[in-house]
Structure formats: C-alpha cells, structure tokens
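Heads up: the sequence shown begins at 2 in our numbering, then just goes up one per residue.
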Amino acid sequence: MSIQTNQTSELPWDRRPVTSRDLAIFVGVIALLCIGGAALLAFSIRDQSGTTAAGANGAAVSTVDQPAEARSIALGQEIFTAKCTACHTIGEGVRVGPDLQGVTQQRDPDWLARWITEPDVMLAEGDPTATELLAEHNNVPMPNLQLSSEEVDNVIAYLAHPDGSSVPTVIEYSLRTSADEAGFVGVGGYIDGVLNPELSAHLGDTIRLTLINDSVNAYDLKIDAFDVSSGELTAADESATVEFVVDQLGMFHYYASLPGQRDAGLEGVLRVEGVVSIGDEAAMAQSVGGSMDHAMSTVSAGPAVADAVSIIRNPADLPPPITTTEPQHHVVELTAMEVDGQLDDGSTFRYMTFNGQVPGPMLRMRIGDTMEVRINNQIESILPHSIDLHAVTGPGGGAEFTQTMAGEVSTFNFRALQPGLYVYHCATPSIAHHISSGMYGLILVEPEEGLPSVDHEFYVMQGEIYTEQPFGTEGHLTFSHQQMLNETPQYYVFNGAANALTLDEYAMRTAVGDSVRIYFGVGGPNKISSFHMIGEIFDRVYPMASLSSPPLEDVQTTMVPPGGATVVEFTMDVPGRYIMVDHALSRLERGLVGFLYAEGEENPDIFGAEGFPEESGH
C-alpha cells in the first residue's frame with residue numbers, strides 16, 4: 002500500500018481518461034447449440050486499442066497490460082447471465098448447449114459481427130459458412146439476439162476473461178469529509194454527492210482512494226482487511242491518497258477511526274466481486290459476518306427499468322363457469338412476451354410471460370370439449386417458447402408441436418378426456434428457467450355436471466424467482482441459473498411479484514356469508530407449497546386437483562407439488578383480513594403473502610374479543 006499526502010493539490014477527478022496500451026487479442030471461435038434456446042452462435046474476439054476505460058459505475062479506471070476493460074467484461078457477464086446461461090456454462094460442463102471454456106478456433110471478425118447481428122439474413126442469403134454451421138447443429142437456427150455491436154464486444158470480452166483475472170485495473174475513488182455531513186461524501190462520477198457510497202472493484206484490481214478533509218476537524222479513513230490507513234488529516238483542504246490491491250472477495254467496511262466518528266456515521270462498504278472458488282467461500286462468509294447472500298452475488302444490479310410494467314394477474318381475472326351442456330370448441334391465443342416487470346418496490350426483473358402477466362390466463366373447458374391452442378411468439382422475443390398443458394393427452398402435452406421462434410405462430414388441437422385442474426407451462430429448454438421467469442398457468446377441465454356454484458372464484462399461483470442479487474436489492478435484477486440449479490430462490494411470489502396480492506388493487510374481496518373457491522397451482526419450478534389461509538379452515542379440498550374424487554373436508558393446510566394444483570372451498574363466517582401463505586413461513590419474508598378481505602357484521606357466536614381486530618393472523 003502506498004500513501005500520498007497533499008495539502009494544496011487540486012481535487013482529483015474520477016473521469017480522467019486513461020488510454021489502453023495497444024495489444025492484440027487472440028481470436029476465438031465458439032459454436033453454441035441450445036435446442037430451443039439462444040441457439041447457434043459463433044464468437045470472435047476483436048482487437049481493441051486506444052480506448053478510454055470506464056470503471057464500475059463511472060469510477061476512473063486505468064487498464065494495466067490488457068486490452069479488454071473491466072467494465073466491458075462486467076457488462077458482458079450481465080448479458081451472458083441474462084441470455085446465455087440457460088443453455089451454456091463456462092468451465093462447468095455441458096448444460097443444454099456445450100461448455101464454452103477454452104474454445105479457440107478462428108473465424109473472421111467481420112463475418113462474426115454480422116452473424117451475431119443478423120443471422121436470419123445471412124441464412125436467407127445462403128452464406129456458406131452460416132449454412133454449414135446450421136447443418137452441423139441439427140438445423141436449429143440462431144435467433145436474432147438484437148445485440149448492439151458494443152454488446153457483442155462486451156460478451157466476447159467476458160468469454161475471453163470469464164474470471165477477470167487477466168484484467169487488473171486501477172480504479173480511482175475520491176471521498177471528502179465535512180462537518181456538515183454525518184459521513185463520507187463521494188466526489189465525482191456515480192458516487193458524487195452520495196453519503197457513504199458503496200465502492201466496488203473486481204478481485205485483483207488496484208484501488209487509488211483519495212480522502213479530502215473539507216473541515217477544520219481531524220479525520221482519517223481505514224480499511225482493516227487490506228491494512229489501509231490514510232493517517233490523520235488535521236487541516237482544511239488536506240488530502241491523502243492510498244493505493245492498494247484488493248486480493249480478497251467480499252464486502253469490507255471503510256470507516257473513520259478517530260473517537261466517536263464511526264459511531265456518528267462515517268462508515269461505508271467496499272464490495273469486491275469476482276468468480277468464487279470453493280476455497281474463497283469461507284473467506285467471503287467471514288468478511289460479511291456469515292451473510293453469504295450478499296457476498297456471493299457476482300453481478301451488481303443495474304438501475305431499475307423506468308418503464309417496467311406490472312405483470313401481476315388479478316386473482317379475480319378468470320373465465321366464468323361453463324353453463325352449456327353441449328360439447329364446445331374453444332380457441333385460445335397465447336402470446337409469449339418477454340417483458341421488464343416490477344418484481345418488488347424499487348426492483349425490476351426480466352420476465353417471460355404468457356400474455357404479459359403471471360400467471361398466464363386461466364383456461365376453462367369441460368370434459369369432452371375440444372380446444373385449439375395458438376402460440377404466438379412476439380418478434381421482440383430473444384428466445385423460442387412453447388407450451389405443455391398437463392390436461393393434454395399427446396406428445397409433450399403439445400410442446401413437441403409448439404417450439405416457436407420469435408415472430409412465428411404454432412397451433413395444435415386436443416380433446417379434454419379427464420376432469421381436473423391442470424398446470425400448463427413453457428417447455429423450451431432450459432424449461433426451469435422459462436417457468437421460474439413466469440411462463441406457467443392453469444387450465445380447468447370441468448366435470449360433465451360442472452362444479453357447484455359459489456359466490457367468488459379466485460385464481461392464484463405460486464412461483465419462485467432466482468436472481469444473482471440478494472432479496473431486497475434495488476435496481477434491475479438478473480436471473481441466476483446457478484441459484485436455480487441449487488434450488489435457492491431469492492423470491493417467492495403469488496401471481497408473479499413480491500407481496501403482489503397484498504396490494505389494494507389485487508387483494509381478494511368477499512363478504513361475510515359468501516362462499517369462496519380458490520383455484521391454486523404451483524408453477525415452481527422446484528418448491529412444494531403448504532397452502533394455508535390464516536384464520537380459515539378449508540371446508541372442502543380437492544387433493545391433487547382431482548375433480549372426479551370426493552373432496553376432503555375440514556382441512557387446515559394442503560400440500561401442492563410443483564407442477565400440481567388444488568381446489569379449495571370455504572365460507573366466510575367472520576369479517577376481517579385473512580392472510581394467505583405457504584406455511585413454510587420463512588417464505589412470507591421473501592414476498593409470499595396475499596390478503597383476502599371479508600366485510601360484514603361481526604359474528605360473536607363464532608368469534609369475539611375486546612377491541613375486535615380488523616384482521617386475522619398469527
């Protein structure tokens with residue numbers, strides 16, 4: 002670590018341009034096959050020279066001896082995580098497509114740039130190399146990923162340096178102290194004016210951190226993990242610069258060590274990211290006091306998408322009971338839509354949906370009816386999509402005939418042979434990725450005599466969302482294939498978003514004396530639900546959603562597996578707010594909760610107490 006002190010120097014500027022040294026990059030070629038996914042790709046890493054490097058979120062960065070900037074690699078990792086990890090790994094073995102570690106065949110850079118940009122046009126023109134690649138990989142065409150040339154370069158940079166180890170950088174940050182502020186204040190770039198900003202770096206980076214004393218009081222700055230100390234700054238306008246290498250992964254505190262200053266609020270966090278090896282995990286856990294949720298995230302959240310939409314399906318949005326006794330032919334149009342949706346307060350997520358909401362629309366028919374299902378995949382989609390309806394007797398539940406590329410339409414017909422409440426979902430690899438991102442719904446096949454009439458019917462599905470970032474992170478969160486494989490969701494949701502059915506516009510509403518039926522399913526893709534309504538007892542439960550078997554009566558909690566469903570019925574006897582949960586109750590704290598309101602007169606014969614509560618709950 003080195004320290005420089007200056008009482009009169011001009012304040013440092015964290016946007017000073019630093020030019021990369023001119024070096025050639027090896028040329029690599031990667032051919033990717035992802036059946037039904039982001040399919041046939043070939044990449045080449047192009048030369049980059051004479052560019053100004055931008056650091057994490059705007060800090061000044063000097064690249065050292067390498068032409069691929071750390072920021073480019075970080076952006077490429079985000080793109081790869083969002084669009085490629087469903088099918089590919091780097092050094093972790095074959096998934097749906099091949100492992101991309103260390104593939105080094107050559108391909109012309111200009112050809113590759115065009116191939117990634119407009120593969121459909123090149124195939125239509127009969128480009129011989131493109132045609133040969135297509136034939137080699139089962140004639141699965143590569144979809145147009147709609148990447149800009151800069152995004153292509155970023156992905157290539159990440160594939161060339163997936164661990165970032167070959168790209169040491171110097172990142173410059175400046176902080177000032179002030180008697181008017183109870184903390185360190187960022188100077189310049191994305192941290193400008195931010196109180197105790199989070200600083201970030203990649204494993205192996207060099208940080209050049211300048212502390213400026215804006216006060217007549219004495220201040221200092223320390224980071225114990227890296228043995229960093231600025232020394233005391235005792236005069237106004239005095240500054241000190243420390244330089245050190247971050248050689249540990251995790252989150253580390255920087256703070257003022259003079260008496261009372263840390264307690265007064267002069268403390269912030271330095272986040273060091275990178276690829277985590279098994280040997281690093283214990284160190285990372287120790288660095289954050291055992292909180293691996295934060296430390297294991299290797300992709301920071303970008304800003305929340307400003308025009309993100311609500312993807313929540315209203316639980317009252319379902320088709321009415323079928324009243325005709327004659328066989329009917331139903332035509333259903335489902336549109337596969339990839340949208341940026343509101344996941345939680347302050348956070349957004351890239352959802353895959355049927356018709357723009359989660360779950361997809363509830364479908365309804367009667368035994369003996371026929372249905373034509375049309376799958377339209379929007380031209381804006383990155384991935385192919387399909388549908389598997391568990392109510393279908395036939396290959397793949399329809400999935401074999403509906404693998405639908407962007408801009409295309411697929412159709413099939415089926416006859417409903419058995420009554421029940423069935424799950425449907427996308428069945429395009431990686432199937433679990435598509436499901437967890439929102440592509441699931443329910444189809445009800447009523448028995449020949451129909452179902453008994455009730456006052457209210459509601460449609461609710463439970464799902465899991467797997468993100469690189471911990472629960473509660475603000476910004477635009479990215480999908481994590483590894484978390485999905487580990488079956489460790491960051492969010493549990495009813496109808497698509499955290500706490501969705503607690504919002505006034507989506508809460509279920511009834512009155513005392515009303516009969517209620519809930520059609521409940523689990524999209525999953527992995528977790529069993531212990532479905533429970535706090536303060537109610539289910540009068541009737543159709544276990545496993547079988548409508549040809551007698552229902553169970555007087556049930557407190559019913560188990561529903563992923564890809565399964567149930568139907569529950571009960572009558573509202575007492576007014577109040579009832580809380581719908583999975584009785585694996587820690588999931589409530591990750592967003593899995595809904596409200597059902599019953600309005601009406603109190604019923605002291607059933608329930609009464611001093612100061613009658615407005616709600617029910619544990």
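Here a beta-carbon is modelled for each residue, glycine too, at the ideal position from N, C-alpha and C.
For residue i, which residues in the same chain have their Cβ closer than 6 Å to its Cβ, ignoring the five residues on either side in sequence?
| i | result |
| --- | --- |
| Ser231 | Leu212, Asp221, Leu222, Ala241 and Val243 |
| Val332 | Glu373 |
| Val188 | Ser175 and Arg177 |
| Thr86 | His482 |
| Val306 | Asp341, Thr349 and His477 |
| Ser530 | Gln463, Val523, Val561 and Asp583 |
| Thr394 | Leu418 |
| Leu124 | Ala131 |
Going straight from the alpha carbon of residue i to that of residue j, what length do you get?
| i | j | result |
| --- | --- | --- |
| Gly194 | Thr178 | 11 Å |
| Phe532 | Ala75 | 41 Å |
| Ile323 | Pro129 | 55 Å |
| Ser382 | Ile466 | 20 Å |
| Asp238 | Pro471 | 39 Å |
| Asp456 | Ala317 | 12 Å |
| Asn197 | Asp181 | 14 Å |
| Met560 | Asn500 | 21 Å |
| Glu126 | Arg115 | 13 Å |
| Ser278 | His434 | Any answer about Ser278 is weak, because its pLDDT of 38 lies below 50 and its placement is not dependable; what the coordinates show is given next. Using only the alpha carbons, I get a separation of about 24 Å. |
| Ala83 | Glu339 | 12 Å |
| His391 | Asp606 | 44 Å |
| Ala136 | Ile192 | 51 Å |
| His254 | Leu589 | 31 Å |
| Ser45 | Thr90 | Residue placement at Ser45 is flagged as unreliable, the pLDDT there being 30, under the threshold of 50; a coordinate-derived value is accordingly withheld. |
| Met573 | Gln102 | 59 Å |
| Ala302 | Ser437 | 19 Å |
| Met440 | Gly361 | 7 Å |
| Thr326 | Ala407 | 39 Å |
| Thr479 | Ala610 | 48 Å |
| Thr558 | Gly601 | 26 Å |
| Gln262 | Ala236 | 17 Å |
| Thr452 | Pro321 | Note on residue identity: the sequence assigns Leu, not Thr, to residue 452. Rounded to the nearest angstrom, the two C-alpha atoms are 11 Å apart. |
| Gly442 | Leu146 | 27 Å |
| Ile519 | Lys528 | 20 Å |
Exposed or buried, residue i, counting other C-beta atoms within 10 Å across all chains shown (16 or more means buried)?
| i | result |
| --- | --- |
| Asp215 | buried |
| Glu274 | buried |
| Ile368 | buried |
| Asp345 | buried |
| Thr567 | buried |
| Asp389 | buried |
| Ile487 | This sequence places Asn at residue 487; Ile is not what is there. Looking at its Cβ environment, which holds fewer than 16 other Cβ atoms inside 10 Å, Asn487 is exposed. |
| Ala599 | buried |
| Leu504 | exposed |
| Pro120 | buried |
| Glu133 | exposed |
| Ala283 | Unreliable placement is indicated for Ala283, whose pLDDT of 40 sits below 50; no coordinate value is reported for it. |
| Ser411 | buried |
| Val217 | exposed |
Select from the options the residue whose C-alpha is nearest the C-alpha of residue i.
| i | options | result |
| --- | --- | --- |
| His330 | Leu196, Met372, Val306 and Val310 | Met372 |
| Met363 | Val273, Gln249 and Phe521 | Phe521 |
| Val246 | Arg263, Tyr352, Val171 and Ile444 | Val171 |
| Pro526 | Leu502, Thr558, Gly514 and Pro490 | Pro490 |
| Ala226 | Leu271, Ala302, Arg209 and Ala599 | Leu271 |
| Ile157 | His254, Ile80 and Gly595 | Ile80 |
| Val513 | Glu603, Glu570, Gln102 and Gly565 | Glu603 |
| Val359 | Val186, Gly451, Leu160 and Gln463 | Gln463 |
| Ala183 | Asp206, Pro396 and Gly269 | Gly269 |
| Gly347 | Phe355, Pro328 and Ala309 | Ala309 |
| Val494 | Ala337, Tyr352, Arg510 and Val569 | Tyr352 |
| Leu234 | Gly421, Arg416, Gly357 and Ala219 | Ala219 |
| Glu93 | Asn155, Ser150, Pro163 and Glu151 | Pro163 |
| Glu173 | Arg209, Val410 and Ala585 | Arg209 |
| Ile432 | Asp248, Glu469, Leu384 and Asp370 | Leu384 |
| Glu506 | Leu597, Ser516 and Glu447 | Leu597 |
With a CB to CB cut of under 7 Å and the five nearest residues on each side skipped, what residues in its chain are close to residue i?
| i | result |
| --- | --- |
| Phe413 | Val374, Gly399, Phe402 and Thr403 |
| Ala257 | Tyr220, Asp221, Leu222, Arg263 and Leu267 |
Going along the chain, which residues of its own chain have a beta-carbon closer than 8 Å to the beta-carbon of residue i, five neighbours each way excluded?
| i | result |
| --- | --- |
| Asp555 | Ile538, Phe539 and Asp540 |
| Gly565 | Val424, Gly522, Val523, Met545 and Ala546 |
- Return the chain-ordered ranges of every beta strand (DSSP E) run that is complete within the region 485 to 539 and spans a minimum of 3 residues. 492 to 495, 509 to 512, 516 to 525 and 530 to 535
- Fully enclosed by the region 138 to 208, which alpha helix (DSSP H) runs are 4 residues long or longer? 150 to 161
- What are the complete alpha helix (DSSP H) segments, minimum 4 residues, inside the region 329 to 359? none
- Residue ranges of each beta strand (DSSP E) run of no fewer than 3 residues wholly in the region 216 to 272, ordered along the chain? 240 to 246 and 251 to 256
- Item | alpha helix (DSSP H) segments (min. 4 residues) lying fully within the region 425 to 480 | 432 to 437
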